[in-house]
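Novice: These protein sequence lines are chains A and B, in that order.
Taking the numbering used here, the leading residue of the first sequence gets 1, the next gets one more, and so forth.
Taking the numbering used here, the leading residue of the second sequence gets 1001, the next gets one more, and so forth.
Sharing a structure, written as structure tokens. Questions coming.
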Amino acid sequence: MQLLWLIPALPLLGFIILVFTKGQLPREQARLVGVGSVALAAAITLLVASDFYAQSDAQSSFTLVLWEWMSAGDFRAGFNLYLDGLSLSMLFVITGVGTLIHWYASGYMWDDPDYSRFFAYMNLFVAAMLMLVLADNLVLLFLGWEGVGVCSFLLIGFWYQDPVNGYAARKAFIVTRAGDTAFAIGLFLLFKELGSLHIQELLQLAPAQFTVGANTPTLIAALLLGGAVGKSAQLPLQTWLPDAMAGPTPVSALIHAATMVTAGVYLIARCHNIFLQAPDILLLVALIGLVTLLMAGFSALNQNDIKRVLAYSTMSQIGYMFFALGVGAWSESIFHLFTHALFKALLFMTAGSIILALHHEQDIRAMGGLRKQLPVPFWCFLIGTACLVALPPTSGFVSKEAILNASWQLPVYGPWLWAGGVFGACLTALYSFRLIFMVFGGASTCQPDEPKGWQFHPPLLILAVLSLLGGLLVLPAAGVLPTSPAGHAPLWAEVIAIGLPLAGIALAYQIYGRGQWQHLRQAPRLSHWFEHGWGFDSLYQRLLVQPLLTLANINKSDLIDQLPIQLTLVSSRLFAIFSRMQNGQLRIYVASMTAAAIFIIALTVTL
Amino acid sequence: MDWQQLLALTPVLLVASISVMLMLVIAFVRDHLLTCVITCLGLGGAAICSLVSVGEMAQQVTPLLIIDDFSRLFGALVLLICLISAWMTYPYLQATDEIREEYYILLALAALGALVLIASNHFASMFIGLELVSVSLFAMVGYLAHSRDQVKLTLEAGVKYMVLSGVSSSFLLFGVALVYAYSGSLTMDVFSQPANAVLAPQYLILGTAMIAIGIAFKMSWVPFHMWTPDVYQGAPAPVTGFLAGGVKIAVFALLMRWLMPIQGPYLGILANGLMAMAALSMLLGNLLALRQDNLKRLLAYSSIAHMGYAAITLIAAINIGNLSPTLAAEAAGMYLLTYATVTLLAFTVLSHLAAQDLTYETGQLQHYQGLLWRQPIAALGLLIAMLALAGMPLTAGFIGKYYVFMAAVDQQLWLLLWLLIIGSAMGLYYYLRVILILCKDTQQAATNSYRGLNPLIILLALLTLWLGIYPSPSIAWVQLALAGF
């Protein structure tokens, strides 16, 4: 347990080494530092976990006090790490999946001239993300939160030579910043109301001091939700995620699928008692999740870039997690986070292999028939897709069925929410298998050149096995979170929940596999609209960006700037005047001295 | 005078004996290094003597001098400043074609004057100390009168300083006479004495004002500042360093002893007068420095502004008007300490550069272009000095300015506070301009192997940073000095 601090410290050390060698390190050593530090962190996570399981029941927790970070008046924030079932679950995801992705990336990025810079950013990201989940107070959590934001910015814009990537990076950063601002205000308000930002204290204080449904907890929960929504790319701050695919594919796998984007889910789960005091907001969480998952599903159906399809599917799956949080299925949500991290990382990395094999071709219309040519990626992708679609008995099935089942239990809205979720599952099946049929089915149209070697296949295969079997694992998170609604949906509902995705697959086969029912593909207006993310980008462009630019244009010669401008003008004038007095002539000096003296004497005598 | 008192005077006597000894040594052997080492050893020894006796009883030695912890600690500070000044003079004089050894006699005499000044609580000793410093400085400023390169500037500066200093001293002397006429005494605490005089109290306040005029000249407060840029520019760089970082400290210490405990009905007039001078100094000093093209002139104007800042602490202390070591006194002490360090750093770099090439001293700022790449140590030293003068955090300058700020807020001197802020903003412009020029790369010149004053530059730069990062020891030091007030 005492080794806990090493888990974030090791990737940070890796970052420091890689930064201070300024990219002078040979590739082999950079790889050793970059991958090794995360792998070591994963090993220590296992050590810590075995300790954790050995000494404790599910409820227990462990705090490692490092040092006092800041203290001002009543405000105190320690640099303390906190480990319980929830953060341990997140540690598994971050270090475990993180190691596999780093491993894969060490091959994927091998030819990049900035190899060492890439791993420096990746290590910093892992360190920040670990800080985020291990923080025992919200200030430290915020440090990690902003840290992962910065790394996301740096990695999306990793190939900054292309201005498009820079734009995508800025967009991601600015859009999430909107959410972070709300989050920060929420923190201020929390401190004002409860006098603490220590998470465990807050969880005790919130039910004691707030009345359920009152304005204050609702406002605080709404502000925290704002932060979560920005980070996790949910409505209405979802626009940055598809563009974030401009980064290298391992980055998309690690940051924009497995870890960072799920930070919002973690935040809400972590602050569950605050959200429980605001049932309205909790319902809003469910609705946001539901609407996002449906909208992202429709968008995914109309994308032609393989990574953008996966990006929208990530958005949609995080929608499921929000949906689960909203309906009170706390531990199911975290479980889905876990399984999603496994299979979505698998999907992204497989997609990365395909992209490499096709020499950076990402358009699925240019692919086809790759099943024979790329057997390993094909099977891995198929397994990942099966999980995504929640086909039994994959891990995705276990976690998603649990969520849908819990939503059924919710009074009043339950069945409606359930119906939306099931429809979303059908949509997922449709767009996922569209991808399968378009990429792997049909006649072969290209000559792939598959990357092979110990950096490519082993991580994929490990993840594929984990994705298949992940449903059998029991996460330690359950003991920390509120209990989920018990009971089962009726049998017919379960049959529909399993059957509709199968119907979706059949439909996909009919349209994209066999090429029937082409009129369903021909809805140009609508599909164009879907393809561009329901027009949110142009909406925000018109609603926010343009007015701001107009205002900025009007105020180009800033009125307030006039003050400093005038100050400089006046200063330089005065300088000219006074330096003329400083002419170096002794008689002037003596005269001015005497004059001043006489003036002073006259004043003192008359006063 | 008993043994106790003689013992208390040891540092003063030691410094006095240096000059005598130097004269004797020079009569037999002319050796630049030897004279410099003797001076440094003597000054260092005197400083140690002073420091060792800290904490002992305060001694009034004759009516003229008081040796308390304030005298001891500030005396030690000024002695160390003189030591550093002697150190930076060595390579500078080595590079000139002037007779070198006699300079150190003058420096020792000036150090003696400064010591007397700090320890005086009597107008007679004050005048002696002040004149001892000034007369030595006339010669020091004009020391290079036979040097081919600098004769014109240095002579002009020396003569100017002498004439103007004479004028100011005449005011001061007349002021002392008026105070004596009023109170019948020359001790400095006349204000606290009950007035049993026949003359109207105006005589006292007039006398005080005229003494203040004389001292304002030494502090180069506006409107008595006209000499500063010309003398700073004309004097050899180490002398300018001593003038800015040493003499100002000693005179200000005297002001602290004289004015901070002052009480009486005329405080308002005195405070207002000082306030006007401080305000004008801050404004004019910064304004005139804005587009200066010679580094020494720029530093001269900057020192005018900085003395304006320092005056704020004095005004705050007068406003309080009690004897206890207040925040204002602490601020004054800290300001002097940090300002001396930073100024010495700047002038050490200047001396170091001027020893190699005189154009650094006399020429325009353009000459410093890309210095960071040619002479990294010297340029970094100058860079740190500029940052510190601008009051950047993590440097000594920040601590000093912060204290002044606190003192002004504490006494609610809002006008001065605003001028301090505006002045600091203007200051940033010209300090950063120097840094910009230092960093600007023009030609890939070969790195210079001249070592010169590098050790001293590194020492002072580290001290500047240390004072800024970890000021507690120096604060404790100042509090110790003020405890015996």
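Virtual Cβ for every residue (Gly too), placed ideally from N, Cα, C.
Tell me the residue span of the alpha helix (DSSP H) that contains Met1386 of chain B.
Specialist: For the purposes of this step, residue 1386 of chain B is taken as residue 386 along the second sequence, with counting starting at 1. Residues Pro1376 to Ala1390.
Novice: Decide if Phe1347 of chain B is buried, meaning its Cβ has at least 16 other Cβ atoms within 10 Å, or exposed.
Specialist: For the purposes of this step, residue 1347 of chain B is taken as residue 347 along the second sequence, with counting starting at 1. The residue is buried, with at least 16 neighbouring Cβ atoms inside 10 Å.
Novice: Which of the three DSSP states is assigned to Ser1472 of chain B in this structure?
Specialist: By one-based count along the second sequence, residue 1472 of chain B stands at place 472. In this structure, Ser1472 of chain B counts as helix in the three-state DSSP scheme.
Novice: With a threshold of 7 Å between beta carbons, is Phe578 of chain A in contact with chain B?
Specialist: Within the first sequence, the letter at position 578 stands for residue 578 of chain A. For Phe578 of chain A, the answer is yes, since a Cβ of chain B falls inside 7 Å of its Cβ.
Novice: Quick one: grab the DSSP three-state call for Met260 of chain A.
Specialist: Along the first sequence, read from residue 1 onward, the residue named residue 260 of chain A stands at position 260. Note: Met260 of chain A maps to helix in three-state DSSP.
Novice: If you scan the stretch 269–332 of chain A from start to end, which runs of the alpha helix (DSSP H) of 4 or more residues do you find wholly inside it?
Specialist: Within the stretch 269–332 of chain A, the complete alpha helix (DSSP H) runs of at least 4 residues are 272–276, 279–301 and 306–326.
Novice: Just curious, the beta strand (DSSP E) that Thr63 of chain A is in, first and last residue?
Specialist: Here residue 63 of chain A refers to the residue found at position 63 when the first sequence is read from its first residue. That run of the beta strand (DSSP E) goes Phe62 to Ala72.
Novice: If you follow the beta strand (DSSP E) that Ala390 of chain A is in, where does it begin and where does it stop?
Specialist: One-based indexing of the first sequence puts residue 390 of chain A at position 390. Neither: Ala390 of chain A is in no beta strand (DSSP E) and is coded neither H nor E.
Novice: Kindly list the residues whose CB is nearer than 7 Å to the CB of Leu1206 of chain B, restricted to its own chain and excluding five residues on each side of it in sequence; keep chain order.
Specialist: To locate residue 1206 of chain B, count along the second sequence from 1; it is residue 206. If we look at Leu1206 of chain B and ignore the five residues flanking it on each side, its Cβ neighbours are Leu1178.
Novice: Could you check if Arg646 of chain A is buried or exposed, using at least 16 other CB atoms within 10 Å of its CB as the buried criterion?
Specialist: Only positions 1 to 607 of chain A appear in this structure, which leaves residue 646 of chain A out of reach.
Novice: Between Ala311 of chain A and Gly264 of chain A, what straight-line distance do the alpha-carbon atoms span, to the nearest angstrom?
Specialist: Counting from 1 along the first sequence, the entry for residue 311 of chain A is found at position 311. Counting from 1 along the first sequence, the entry for residue 264 of chain A is found at position 264. One C-alpha to the other measures close to 16 Å.
Novice: Under the assumption that Ala1216 of chain B contacts Tyr1430 of chain B (Cβ atoms under 8 Å), give the Cβ distance between them as a whole number of angstroms.
Specialist: As a working note, residue 1216 of chain B is residue 216 in the second sequence. As a working note, residue 1430 of chain B is residue 430 in the second sequence. At roughly 24 Å, the Cβ-Cβ gap does not stay under 8 Å, so Ala1216 of chain B and Tyr1430 of chain B are not in contact.
Novice: Going by Cα to Cα distance, which pick from A:Met593, A:Val148, A:Trp492 and A:Leu481 is closest to Glu332 of chain A?
Specialist: One-based indexing of the first sequence puts residue 332 of chain A at position 332. For Glu332 of chain A, the nearest C-alpha among the options comes from A:Leu481.
Novice: Contact criterion: CB-CB distance below 7 Å. Does Ile1262 of chain B meet it with respect to chain A?
Specialist: Taking the first residue of the second sequence as position 1, residue 1262 of chain B is located at position 262. No - not a single Cβ of chain A is within 7 Å of the one on Ile1262 of chain B.
Novice: Could you check if Thr239 of chain A is buried or exposed, using at least 16 other CB atoms within 10 Å of its CB as the buried criterion?
Specialist: As a first step, residue 239 of chain A is located in the first sequence; it is residue number 239 there, counting from the start. Answer is buried; the Cβ neighbour count reaches 16.
Novice: Quick one: is Gly584 of chain A near chain B, going by C-beta distance under 7 Å?
Specialist: Your numbering for residue 584 of chain A matches position 584 in the first sequence. Chain B, which has a Cβ nearer than 7 Å to the Cβ of Gly584 of chain A, makes this yes.
Novice: When you compare the CB of Ser299 of chain A with every CB in chain B, is at least one pair closer than 7 Å?
Specialist: As a first step, residue 299 of chain A is located in the first sequence; it is residue number 299 there, counting from the start. No, its Cβ sits nowhere closer than 7 Å to a Cβ of chain B.
Novice: Using the DSSP secondary-structure output, state which residues sit across from Gln1060 of chain B in a beta bridge.
Specialist: Numbered from its first residue, the second sequence carries residue 1060 of chain B at position 60. Gln1060 of chain B is bridged to B:Ile1066.
Novice: Any idea what DSSP makes of Leu1323 of chain B, helix, strand or coil?
Specialist: As a working mapping, residue 1323 of chain B is identified with position 323 in the second sequence. For Leu1323 of chain B, the predicted model reports a pLDDT of 46, less than 50, meaning its position is unreliable; a value from the coordinates is still stated below. Coil.
Novice: Residues in its own chain within less than 7 Å of Asp1441 of chain B by CB, not counting five upstream and five downstream?
Specialist: Here residue 1441 of chain B refers to the residue found at position 441 of the second sequence. Result list for Asp1441 of chain B: Gly1370 and Trp1373, in chain order.
Novice: Under 7 Å Cβ-Cβ, which residues of chain D neighbour Asp1149 of chain B?
Specialist: Although the question refers to chain D, the structure presented lacks it and instead comprises the protein chains A and B.
Novice: Who are the Cβ neighbours of Gly166 of chain A in its own chain at under 7 Å, not counting the five residues just before and after it?
Specialist: Translated into positions along the first sequence, residue 166 of chain A becomes position 166. Cβ neighbours of Gly166 of chain A beyond the five flanking positions: Gly157 and Tyr160.
Novice: By the criterion of Cβ-Cβ separation under 7 Å, what are the contact partners of Phe1171 of chain B in chain A?
Specialist: Within the second sequence, numbered from 1, the residue matching residue 1171 of chain B stands at position 171. Residues of chain A passing the Cβ test: Ala597.
Novice: Assuming Ala77 of chain A contacts Leu197 of chain A (C-beta within less than 8 Å), just tell me the rounded distance between them.
Specialist: Taking the first residue of the first sequence as position 1, residue 77 of chain A is located at position 77. Taking the first residue of the first sequence as position 1, residue 197 of chain A is located at position 197. Yes, they are in contact, since the Cβ atoms of Ala77 of chain A and Leu197 of chain A sit about 7 Å apart, within 8 Å.
Novice: Taking Ala1276 of chain B as the reference, give the member of B:Leu1387, B:Ile1312, B:Ala1483 and B:Asp1068 with the closest Cα.
Specialist: Residue numbering aside, residue 1276 of chain B sits at position 276 when the second sequence is read from its first letter. For Ala1276 of chain B, the nearest C-alpha among the options comes from B:Ile1312.
Novice: So Cys1036 of chain B and Ala1086 of chain B are in contact, right, with Cβ under 8 Å, and what is the actual spacing, rounded?
Specialist: The residue labelled residue 1036 of chain B in the question sits at position 36 within the second sequence. The residue labelled residue 1086 of chain B in the question sits at position 86 within the second sequence. At roughly 6 Å, the Cβ-Cβ gap stays under 8 Å, so Cys1036 of chain B and Ala1086 of chain B are in contact.
Novice: Counting C-beta neighbours from all protein chains within 10 Å, is the total for Ala595 of chain A 16 or more, i.e. buried, or is it exposed?
Specialist: In the first sequence, residue 595 of chain A corresponds to position 595, counting from 1. By the neighbour-count rule (16 or more Cβ atoms within 10 Å), Ala595 of chain A is not buried but exposed.
Novice: Excluding the 5 residues preceding and the 5 following Tyr1090 of chain B in the sequence, name in chain order all residues of the same chain whose CB lies nearer than 8 Å to its CB.
Specialist: Within the second sequence, residue 1090 of chain B is the residue found at index 90, counting from 1. Counting only Cβ-Cβ distances below 8 Å, and skipping sequence neighbours, we find His1032, Leu1033 and Cys1036.
Novice: Check for me: the alpha helix (DSSP H) holding Gly1129 of chain B runs from which residue to which?
Specialist: Locating residue 1129 of chain B in the second sequence gives position 129, counting from the first residue. Segment Phe1123 to Val1141, the alpha helix (DSSP H) holding Gly1129 of chain B.
Novice: Roughly how many whole angstroms lie between the Cα atoms of Asn302 of chain A and Gly247 of chain A?
Specialist: Against the first sequence, residue 302 of chain A aligns to sequence position 302. Against the first sequence, residue 247 of chain A aligns to sequence position 247. Roughly 21 Å between the two C-alpha positions.
Novice: Under 7 Å between beta-carbons, which chain B residues line up against Ile565 of chain A? List them in chain order, please.
Specialist: Working through the first sequence from its first residue, we reach residue 565 of chain A at position 565. Simply none; closest approach about 14 Å.
Novice: Buried or exposed: which applies to Glu1098 of chain B, given that a residue is buried once 16 or more other Cβ atoms fall within 10 Å of its Cβ?
Specialist: Here residue 1098 of chain B refers to the residue found at position 98 of the second sequence. Buried, because 16 or more other Cβ atoms sit within 10 Å of the Cβ of Glu1098 of chain B.
Novice: Measuring CA to CA, which of B:Ala1300, B:Val1078, B:Glu1361 and B:Gly1142 is closest to Val1251 of chain B?
Specialist: Position 251 of the second sequence, counted from the start, is the residue given in the question as residue 1251 of chain B. Closest by alpha carbon: B:Val1078.
Novice: Is the beta carbon of Pro485 of chain A sitting closer than 7 Å to the one on Gly328 of chain A?
Specialist: Within the first sequence, residue 485 of chain A is the residue found at index 485, counting from 1. Within the first sequence, residue 328 of chain A is the residue found at index 328, counting from 1. Cβ atoms of Pro485 of chain A and Gly328 of chain A: closer than 7 Å.
Novice: Hey, could you find the ends of the beta strand (DSSP E) Gly414 of chain A is sitting in?
Specialist: Here residue 414 of chain A refers to the residue found at position 414 of the first sequence. Gly414 of chain A -> not in any beta strand (DSSP E); alpha helix (DSSP H) instead, spanning Gly414 to Phe440.
Novice: CA-CA distance, Gly1158 of chain B and Gly1142 of chain B?
Specialist: Locating residue 1158 of chain B in the second sequence gives position 158, counting from the first residue. Locating residue 1142 of chain B in the second sequence gives position 142, counting from the first residue. Taking the straight line joining both Cα atoms gives about 4 Å.
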